[in-house]
Each structure stands twice: as C-alpha cells, then as structure tokens.
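Residue numbers (my numbering): 331 to 451.
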C-alpha cells in the first residue's frame, strides 16, 4: 500500500516522525511519574497507567510507521542524488531507530506499574 504524498508535506511528516514518538515518550514519562503518589493513595487506579501506556505506545508506533513510509519512499532515489526522496531514505531510517527506542522506553516504563503497587502496600 503506497500513498503518494506531495513533497511539500515532507517537512510535516519529518517533524511528526521525531517529535511524535519523542513527545509520546515524554508525555508518558511525565504522566507515569506524577501519577505514582495518587495511585498509591487511591485504590483501583492501576488501569489508568495501563491505558496511558497503550495510548502513548500507539502514538509512538504510528510515528515509527510514518518513518518506515519515509524510508520506503526514499529507496526510489540514491541518498546522494540531491532529491528530497533520496534524503527520505536516511531520515526514515533514523526515524525508525528513534521511534523504536521511544516505544521501548514507553513499554519499559509501563511495566513498572505492578512494581509500584507492590511497593505501596
């Protein structure tokens, strides 16, 4: 499935690839760290943290998928061709690495929910 996107929208996609996954990780980090005290005092709130992990992981995964689309689109030209499609190959590859790293961080932070609730008791 290939969706042709005009070159003028390339900057928006590149910004989303890097800011989307990194912003999702930062938002998850802020939410998880600020919600610890409340979740220790109030019972039945663990699912909020799981829901936040799923939402932010989905955002990071979508940004990684957009990066893969840039990488796939960039394979049509060589990187040194001087075209915007050629630059997409490298930008997409770096975006995939950044997105997967942020996705791994979100999932790792989300796995601490069970440990936090055990420490509260």
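Glycine included, C-beta positions come from ideal geometry on N, C-alpha and C.
- The region 424-444 and the region 377-395 touch, with no fewer than 3 CB-CB distances between them shorter than 8 angstroms.
- Judged by pairs of C-beta atoms under 8 angstroms, the region 361-375 does not touch the region 393-404, as fewer than three such pairs exist.
- Around the beta carbon of residue 426, 16 or more other beta carbons sit within 10 angstroms, so the residue counts as buried.
- Of the other Cβ atoms in all chains shown, 16 or more fall within 10 Å of the Cβ of residue 435; this residue is therefore buried.
- For residue 364, the enclosing alpha helix (DSSP H) has its first and last residue at 340-371.
- Per DSSP, residue 375 lies in no alpha helix (DSSP H) segment and is marked neither H nor E.
- Between residue 397 and residue 360, the alpha-carbon positions lie close to 25 angstroms from each other.
- Between residue 429 and residue 390 the beta-carbon gap is near 6 angstroms, inside 8 angstroms, which marks them as a contact.
- Only buried fits residue 355, as 16 or more other CB atoms lie within 10 angstroms of its CB.
- Straight-line measurement puts the Cα of residue 350 at about 27 angstroms from the Cα of residue 408.
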